[in-house]
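Position 193 of the sequence shown, counting from 1, maps to 192 under numbering that gives the first Met the number 0, and the rest follow consecutively.
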Amino acid sequence: MSADLTHLLAAYSIEKKRPDGSRYISLGVKETSQLAIKTNNSVKSIEIAALEHDIIPERYCRNLTSISSKEQLRLLRAHVAIIGLGGLGGTVMEILARIGTGKMTLVDGDVFDDSNLNRQLLSSPANIGFPKSTVAADRIREINSAIEIFPHNSFFSTENGENLLQGADLAIDCLDTVSDRFTLEAVCRKCKIPMVSAAIGGSCGQATVIFPQDPGLKLIYGNHSRTNRRGAEATLGTLPFAAVYMAAVECAEAVTLLLGKKPKLRKKLFLADTREHTSELIHFT
0 MSADLTHLLA
10 AYSIEKKRPD
20 GSRYISLGVK
30 ETSQLAIKTN
40 NSVKSIEIAA
50 LEHDIIPERY
60 CRNLTSISSK
70 EQLRLLRAHV
80 AIIGLGGLGG
90 TVMEILARIG
100 TGKMTLVDGD
110 VFDDSNLNRQ
120 LLSSPANIGF
130 PKSTVAADRI
140 REINSAIEIF
150 PHNSFFSTEN
160 GENLLQGADL
170 AIDCLDTVSD
180 RFTLEAVCRK
190 CKIPMVSAAI
200 GGSCGQATVI
210 FPQDPGLKLI
220 YGNHSRTNRR
230 GAEATLGTLP
240 FAAVYMAAVE
250 CAEAVTLLLG
260 KKPKLRKKLF
270 LADTREHTSE
280 LIHFT
């Protein structure tokens with residue numbers, strides 16, 4: 000970092016107090032944008048430079064102290080691929096954008112329709128018929144201009160999968176078909192990255208974390224060739240609170256992985272019924 004930028008960061012930041020009374024040096028959203036323009040840098044570069052000097056971009060101040068400034072910096076340098084931008088994916092994207100995940104690859108070849116309105120946060124009557132990947136990218140720009148976005152208006156497949164996951168630290172499975180989930184798992188193995196997976200149906204959901212060397216989905220669904228193409232959502236529908244709940248579970252595991260920590264759901268299956276307020280954790284041997 001140049002001496003000029005160091006000086007400007009000090010000039011544009013102020014001391015503030017957290018709710019517990021502890022003090023920190025803050026850089027506001029407006030000031031971050033002004034610095035980016037003044038120094039001909041990206042907003043992300045300014046936030047990284049600030050964190051390197053223990054100056055906290057104000058948009059992340061409530062992440063602390065659950066996440067340290069060094070961990071926030073690590074998140075800003077991370078890259079996730081979100082596969083599917085519907086009920087799960089739209090919420091996952093929203094959470095990860097707000098917490099400050101620096102790069103996002105967004106993959107979905109579908110467009111919004113009327114049936115999405117009950118649960119998909121990105122959908123609205125105004126964007127019916129618009130590509131989900133385009134709407135998702137626009138939403139991230141509204142939330143956090145520091146994030147680098149790579150939208151793809153295409154369906155994930157064996158043919159394009161490795162290219163879509165290029166450079167990603169992990170993939171987040173927000174798909175609604177079992178066969179596509181197996182395809183994503185196979186490509187993640189080739190790319191040697193972990194996969195955070197969830198599925199929903201009715202008021203229920205499940206989640207797991209799969210590393211490339213793990214048995215993975217066959218422990219849940221059995222032999223790939225014997226699985227039905229559609230998941231439980233096709234017959235049970237999806238209630239919005241189940242989608243949001245399981246998306247939050249996926250994000251918790253994704254952030255844990257991105258921070259270099261041990262995930263809680265590797266070689267385990269988390270099952271939850273949001274309406275009955277029950278959950279179960281199955282351990283795979």
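Yeah, the Cβ is synthetic: ideal placement off N, Cα and C, and Gly gets one too.
Top-ranked residue by Cα proximity to residue i, from the options
i: E275; options: K217, K261, F283 and S202; result: S202
i: G88; options: E249, L50 and L8; result: E249
i: K16; options: L26, L8, A10 and A9; result: L26
i: D109; options: P214, A247 and F155; result: F155
Cβ neighbour criterion (16 or more within 10 Å) applied to residue i
i: G318; result: Lying before the first or after the last residue shown, residue 318 is absent from the chain, which here runs from 0 to 284.
i: K69; result: exposed
i: Q71; result: buried
i: T207; result: buried
i: G128; result: exposed
i: Q119; result: buried
i: R22; result: exposed
i: D112; result: exposed
Beta-carbon proximity of residue i to residue j, cut-off 7 Å
i: V177; j: Y244; result: no
i: L256; j: Q205; result: no
i: S132; j: L105; result: yes
i: L4; j: T31; result: no
i: I55; j: A96; result: no
i: D172; j: I94; result: no
i: A241; j: T277; result: no
i: H282; j: K261; result: no
DSSP bridge partner residues for residue i (one or two, in chain order)
i: F269; result: A206 and L280
i: H78; result: K102
>> Could you check whether the region 69 to 77 touches the region 90 to 109, counting it as contact only if at least three pairs of C-beta atoms, one from each stretch, sit closer than 8 Å?
In response: Taking a cut-off of 8 Å for Cβ pairs, the region 69 to 77 and the region 90 to 109 touch, as three or more such pairs fall below it.
> Should the region 38 to 55 be called in touch with the region 132 to 151, which here means at least 3 C-beta pairs below 8 Å?
Replying inline: The way I'd put it, the region 38 to 55 does touch the region 132 to 151; three or more beta-carbon pairs between them come closer than 8 Å.
>> Does the structure place the region 159 to 173 close enough to the region 184 to 194 that three or more beta carbon pairs sit under 8 Å?
In response: Contact between the region 184 to 194 and the region 159 to 173 is present, because at least three Cβ pairs lie under 8 Å.
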